[in-house]
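In order, the protein sequence lines correspond to chains A and B. Following the working numbering, the numbering of the first sequence begins with 1 at its first residue and continues without gaps. Following the working numbering, the numbering of the second sequence begins with 210 at its first residue and continues without gaps.
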Amino acid sequence: MAETLLDIAMMHADTLILRAKQGDQHAQGRLVQLWYKRIYNFCFKFFQDHDLAMEVTQKTFIAMCKSLPALQDVLRFKSWLYTIAVNYCREEARKTKNKKAVSFDLVVNPESEQSPNWEGTNVRHDNPEKVYQSRELSDILQQALCMISAEQREVVIMKEYEGMKFREIAEVLNISENTVKSRLYYGLEALKKILTGKNINKETVHYEI
Amino acid sequence: MKYNPTEADWIDYLYGNMSSEQVMRFEAYLIENPEAQKKLESLQEMRKWMTSVEDKEVIAPPLFITNAQNSFWQFPYAKTILSIAASLLIIIIAGWLTNFHIQTDGNGIRFAFGEEKIIEPVDAKPNLTNEEVQVLINQSIASNATALEQKWMQQQEELKKSVNKNLARTASNNEKFDLLVQQVASASQTQVQAYMASMQQQNLKSMQEYLTLTSNDQKAYIEGLLVDFAKYLQQQRNDDLRLLQAKITDVEQTNNQFKAETEQILTSLISNNNGRTLPTGIRN
Numbered sequence: 001m002a003e004t005l006l007d008i009a010m011m012h013a014d015t016l017i018l019r020a021k022q023g024d025q026h027a028q029g030r031l032v033q034l035w036y037k038r039i040y041n042f043c044f045k046f047f048q049d050h051d052l053a054m055e056v057t058q059k060t061f062i063a064m065c066k067s068l069p070a071l072q073d074v075l076r077f078k079s080w081l082y083t084i085a086v087n088y089c090r091e092e093a094r095k096t097k098n099k100k101a102v103s104f105d106l107v108v109n110p111e112s113e114q115s116p117n118w119e120g121t122n123v124r125h126d127n128p129e130k131v132y133q134s135r136e137l138s139d140i141l142q143q144a145l146c147m148i149s150a151e152q153r154e155v156v157i158m159k160e161y162e163g164m165k166f167r168e169i170a171e172v173l174n175i176s177e178n179t180v181k182s183r184l185y186y187g188l189e190a191l192k193k194i195l196t197g198k199n200i201n202k203e204t205v206h207y208e209i
Numbered sequence: 210m211k212y213n214p215t216e217a218d219w220i221d222y223l224y225g226n227m228s229s230e231q232v233m234r235f236e237a238y239l240i241e242n243p244e245a246q247k248k249l250e251s252l253q254e255m256r257k258w259m260t261s262v263e264d265k266e267v268i269a270p271p272l273f274i275t276n277a278q279n280s281f282w283q284f285p286y287a288k289t290i291l292s293i294a295a296s297l298l299i300i301i302i303a304g305w306l307t308n309f310h311i312q313t314d315g316n317g318i319r320f321a322f323g324e325e326k327i328i329e330p331v332d333a334k335p336n337l338t339n340e341e342v343q344v345l346i347n348q349s350i351a352s353n354a355t356a357l358e359q360k361w362m363q364q365q366e367e368l369k370k371s372v373n374k375n376l377a378r379t380a381s382n383n384e385k386f387d388l389l390v391q392q393v394a395s396a397s398q399t400q401v402q403a404y405m406a407s408m409q410q411q412n413l414k415s416m417q418e419y420l421t422l423t424s425n426d427q428k429a430y431i432e433g434l435l436v437d438f439a440k441y442l443q444q445q446r447n448d449d450l451r452l453l454q455a456k457i458t459d460v461e462q463t464n465n466q467f468k469a470e471t472e473q474i475l476t477s478l479i480s481n482n483n484g485r486t487l488p489t490g491i492r493n
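In structure tokens form, the structure reads like this:
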């Protein structure tokens, strides 16, 4: 979520979107570069699968470049882009509903000590205990996210990790703001229930803000 | 009226989307309801924990998108339309090759393959009048009669020829017969007698032979019959004798039994009347 101010400014740069809309391939490429990480992380949190997230992200940006000339209001670019991503996520989820596969990420974890990339990560510089606790909680939370309904998951990810406004989420999902809030409330409750079931509570998590 | 926050209120409070008045009201509700307080803490805790999930670093791959917006294939229904057109073309070609045609008339629709046969309509109007038909019939009858007459004449001729031939043959036979009769008549009386005598001799001889043969057979038969009769008589005699013996034995047994019974009666009478004078005055 953390982006540089320049990137955020670029994301909302209407001129860049306008240029991309007019068919400027450089501007389109820049837009892809700016939004790729956000869309990928949204998809990754939705699927918990790197390959699926990459596939959906690429589809989203291909669709974005093709349909950009049809975008009427450049101010609504963000919600428009997330609408495309959500639709592809749903489509892919339908396709992979009955398929079971192990992500390559689970086999080769770049942050694992056995991985040749481990030395390049920042993980080894942190407090090992804190890193371990944080990673463990992160893993459990990501698993829990996959256990709640897709509708609740979409809203929780958009609000908590994409930092979107309720209005924007309502626009993306084409529902009312109250429905968004209701889904978020039940989503958080469901997550809490799952974590309680996994014996995650105030005492077991010595989490420092 | 008691305040009961909705899910939207909870989320608004949690994400700081409430006005100050709403916040006051919500907090008052929290003070009144310790359970709600716990719930809020739980949700806040959940949000805190969620920050532990960090974004993954990813490098955007270069995207090469061809500018093919005006391409015919980009048209959404191009493939569908083309496939329908291709199907129709195949059907038309197949129809043309098989000479397929559809006809509609008063009787309905007709689908057919191959060359169409044109059947000329039959003129319902008669070409011949009744008189003409009668003339034709008469002509036909006359020609038939002529043909029959000719045939009959021919057969008669053949019959005549055949009769003449047969007559000629019978005439020659008669001549032969007459010749034979003449030969017989010319034979002498002695020859006839000799012939008759030889005939008698032959007959006698054959009769003798016959009688000899039959007498032997009869003798054998009568002998057999006599033997059988003798056997029968012997058997009958034996049976009679056995019957007689059985009767005699039976009579003997009856006699013995009668004798025993009489003795028994007499014994009992004697023992009962021991010392008593019988009415007849006889003492036992």
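The beta-carbon is built from N, C-alpha and C at its ideal position, and this holds for glycine as well.
Taking all protein chains shown into account, do 16 or more other C-beta atoms lie within 10 angstroms of the C-beta of residue i, making it buried, or fewer, making it exposed?
{"i": "B:Lys468", "result": "exposed"}
{"i": "B:Glu313", "result": "For clarity, residue 313 of chain B is Thr in the given sequence; the question names Glu instead. With fewer than 16 Cβ atoms within 10 Å of its Cβ, B:Thr313 is classed as exposed."}
{"i": "A:Gln152", "result": "buried"}
{"i": "B:Val344", "result": "exposed"}
{"i": "A:Lys181", "result": "buried"}
{"i": "A:Gln28", "result": "buried"}
{"i": "A:Val107", "result": "Low confidence applies here, because A:Val107 scores a pLDDT of 48, under 50, leaving its location unreliable; read the following figure in that light. Exposed is the call here."}
{"i": "B:Met416", "result": "exposed"}
{"i": "B:Val372", "result": "exposed"}
{"i": "A:Ala170", "result": "buried"}
{"i": "B:Gly225", "result": "exposed"}
{"i": "A:Ile200", "result": "buried"}
{"i": "A:Met164", "result": "buried"}
{"i": "B:Phe284", "result": "exposed"}
{"i": "B:Asn493", "result": "Unreliable placement is indicated for B:Asn493, whose pLDDT of 41 sits below 50; the coordinate value is still reported in the next sentence. So B:Asn493 ends up on the exposed side."}
{"i": "B:Ile386", "result": "Position check: residue 386 of chain B holds Phe in this sequence, whereas Ile was assumed. Under this definition B:Phe386 is an exposed residue."}
{"i": "A:Trp80", "result": "buried"}
{"i": "A:Gly187", "result": "buried"}
{"i": "A:Phe47", "result": "buried"}
{"i": "A:Leu34", "result": "buried"}
{"i": "A:Ala85", "result": "buried"}
For residue i, return the contacting residues in chain B, with the cut-off set at a CB-CB distance below 7 Å.
{"i": "A:Leu184", "result": "Ile220"}
{"i": "A:Ala41", "result": "In the sequence as presented, Ala is not what sits at residue 41 of chain A; that position holds Asn. Those are Asp264 and Lys265, listed as they occur along chain B."}
{"i": "A:Gln72", "result": "By Cβ distance, chain B contributes nothing, its closest Cβ being about 17 Å from A:Gln72, past 7 Å."}
{"i": "A:Gln142", "result": "Val262"}
{"i": "A:Tyr36", "result": "Val267 and Ala269"}
Mind pulling the chain A residues with CB within less than 7 Å of residue i?
{"i": "B:Leu239", "result": "Within chain A, no residue comes near B:Leu239; the closest Cβ sits about 16 Å away, beyond 7 Å."}
{"i": "B:Ala245", "result": "Those within 7 Å of B:Ala245 in chain A number zero; the least Cβ separation is about 13 Å."}
{"i": "B:Ser251", "result": "Lys192"}
{"i": "B:Ala217", "result": "Asn178, Lys181 and Ser182"}
Which bits of chain B does residue i rub up against, with CB to CB less than 8 Å?
{"i": "A:Ser138", "result": "Ser261, Val262 and Glu263"}
If residue i sits next to residue j, beta carbons under 8 Å apart, how far is it from one beta carbon to the other, in whole angstroms?
{"i": "A:Val205", "j": "B:Trp219", "result": "Going by Cβ atoms, the distance from A:Val205 to B:Trp219 rounds to 22 Å, so no, they are not a contact pair."}
{"i": "A:Glu162", "j": "A:Arg38", "result": "7 Å"}
{"i": "A:Glu157", "j": "A:Lys45", "result": "The residue asked about is misnamed: residue 157 of chain A is Ile in this sequence, not Glu. Right, their Cβ atoms sit about 5 Å apart."}
{"i": "A:Lys202", "j": "B:Glu254", "result": "7 Å"}
{"i": "A:Val56", "j": "A:Ile17", "result": "Their Cβ separation, rounded to whole angstroms, is 21 Å, which puts A:Val56 and A:Ile17 out of contact at 8 Å."}
{"i": "A:Glu154", "j": "A:Phe166", "result": "Not confirmed; about 13 Å, so no contact."}
{"i": "B:Ile311", "j": "B:Ile302", "result": "No, B:Ile311 and B:Ile302 are not in contact; Cβ-Cβ is about 16 Å, not under 8 Å."}
{"i": "A:Lys21", "j": "A:Leu71", "result": "6 Å"}
{"i": "B:Asn308", "j": "B:Glu324", "result": "7 Å"}
{"i": "A:Leu184", "j": "A:Lys159", "result": "6 Å"}
{"i": "B:Val262", "j": "A:Ser138", "result": "5 Å"}
{"i": "A:Lys66", "j": "A:Ile140", "result": "In fact, because the Cβ distance is near 39 Å, the residues do not count as touching under 8 Å."}
In chain B, what lies closer than 9 Å to residue i by C-beta?
{"i": "A:Phe44", "result": "Asp264, Lys265 and Val267"}
Given a limit of 9 Å on CB to CB distance, which residues of the stretch 255–270 of chain B reach chain A? Met255, Arg256, Lys257, Trp258, Met259, Thr260, Ser261, Val262, Glu263, Asp264, Lys265, Glu266, Val267, Ile268, Ala269 and Pro270
Residues of the stretch 180–205 of chain A with a CB closer than 8 Å to any CB of chain B: list them in chain order, please. Lys181, Ser182, Leu184, Tyr185, Tyr186, Leu188, Glu189, Leu191, Lys192, Leu195, Ile200, Lys202 and Val205
Can at least three beta-carbon pairs, one atom from the stretch 180–200 of chain A and one from the stretch 131–150 of chain A, be found at a separation below 8 Å? Touching, yes, given that three or more Cβ pairs across the two stretches are closer than 8 Å.
Would you call the stretch 54–61 of chain A and the stretch 291–302 of chain B touching, i.e. three or more CB-CB distances under 8 Å? no
Can you list, in chain order, the residues of the stretch 149–163 of chain A whose Cβ is nearer than 9 Å to any Cβ on chain B? Val156, Lys159, Glu160 and Tyr161
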